[in-house]
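A quick write-up on the structure given underneath.
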Amino acid sequence: MARMTRKDYAQMYGPTTGDAVRLGDTSLLAEVEHDHAVPGDECLHGGGKTLRDGLGLTPGFNSAMGALDMLLCNALVIDPVVGIVKGDIGIKDGRIVGIGKAGNPATMDGVDANLVCGAATTVRDAEGLIATAGGIDIHVHFDSAQLCEHAISSGITTMIGGSLGPITVGIDCGGAWNVGKMLQAAEQWPINFGFLGRGNSSKAGSLYDQIEGGCIGLKIHEDWGAMPAVIDTCLSVADEMDFQVQLHTDTLNESGFVEDTLAAINGRTIHMYHTEGAGGGHAPDIIRVAGERNCLPSSTNPTNPYTVNTFDEHLDMTMVCHHLSPSIPEDV
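For the sequence shown, my numbering begins at 314 and goes up steadily by one.
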């Protein structure tokens, strides 16, 4: 019986059980825990390959009978539930219906009943590629439609944020008409979108309006006032209507310090931006909230302290993102 070296096999079909794959330019290795392929019956398309009529493609097996709409062959799947496995990914009616061994059960061993291929099954090679769940970006300034193209190219499938075009203060889409236009514009992209309203109000009326108008949550930004009363009111409405509040705290400490903000939060779950401590919140001790069980911390590149560009870029970032002017001493 003919034998292949592991190197030759990996070049043709991708890595198999026991192989380790280096992730990008890191020192992290992903070891394949299981390979669904059956040696000799792997799915490949092209000249002289297995996905031909009567071989890997089942004659007469149509969509109504359960034939896949699309097949991704020999992908390395890295998933927190499935694990690190190599297999074929079957898609039907826009959804993944299985990860396993695909093909023609009449001629191939081990074919999953949900992964049978027919003449109408579109096939894409995935050997040598990694398939993971789509990423979620929860801090998006929607200042350009081109963001969506870059997101898709980077594996981002869910984008949550706001802004109505090239404006930089906050990431919110206040106003029912504005939210409606954003939802309408989002229809052209194969991405899941969530738009945030503005949570800066110590009275609840306008907060209800924004959620009922289509916002997925509310953002409190210091530039519109992140006072303890605002935080408390917004979180109270969030508990009532079941949505998330995102908070960019008071860098200037005008309305209180980090202790006052935590007191206003009062143990309720909240998502807090820029908690790494180089701007975008209570200076200099906002990083403390990363140790609070109810606070979901997040960071952004411009506000990471002790990095190579912190000093060079931080002033420019502050001027642009907070609508300030370097020519006004009070702003600087």
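The C-beta atom is built at its ideal place from N, Cα and C for all residues, glycine as well.
Here residue 595 is buried: its Cβ has 16 or more other Cβ atoms, across all protein chains shown, within 10 Å. With respect to residue 586, residue 550 sits apart: the two C-beta atoms are not nearer than 8 angstroms. Under the 8 angstroms Cβ criterion, the stretch 405-412 counts as touching the stretch 424-437, having at least three qualifying pairs.
In the three-state DSSP reduction, residue 357 falls in the coil class, being neither helix nor strand. In terms of Cβ geometry, residue 329 and residue 348 form a close pair [threshold 8 angstroms]. Using a C-beta cut-off of 8 angstroms, the stretch 558-574 makes contact with the stretch 596-614, since at least three inter-stretch Cβ pairs fall below that distance. Residue 507 is positioned such that its CB atom lies closer than 8 angstroms to that of residue 529. Assigned with DSSP and collapsed to three states, residue 491 falls in helix. Using a 10 angstroms sphere on the CB of residue 446, the tally of other CB atoms stays under 16, which defines it as exposed.
Separation of the CB atoms of residue 514 and residue 546 is rounded to 6 angstroms, and the pair is thereby assigned contact status at 8 angstroms. In the DSSP assignment, residue 639 falls outside any alpha helix (DSSP H), carrying neither H nor E.
Between the alpha carbons of residue 456 and residue 468 lies a distance of about 20 angstroms.
Taking residue 345 as the centre and dropping the five residues before and after it, the same chain places the C-beta of 328, 329, 330, 331, 332, 333, 334, 389, 397, 398 and 399 closer than 8 angstroms to its C-beta, in chain order. Within the model, the alpha-carbon separation for residue 537 versus residue 355 is close to 59 angstroms. Setting aside the 5 residues that flank it on each side, residue 435 is surrounded in the same chain by 383, each with a C-beta closer than 6 angstroms to its C-beta; the list follows chain order. Going by C-alpha positions, residue 604 is about 33 angstroms away from residue 527.
Counting along the chain, residue 543 sits inside the alpha helix (DSSP H) bounded by residues 541-554.
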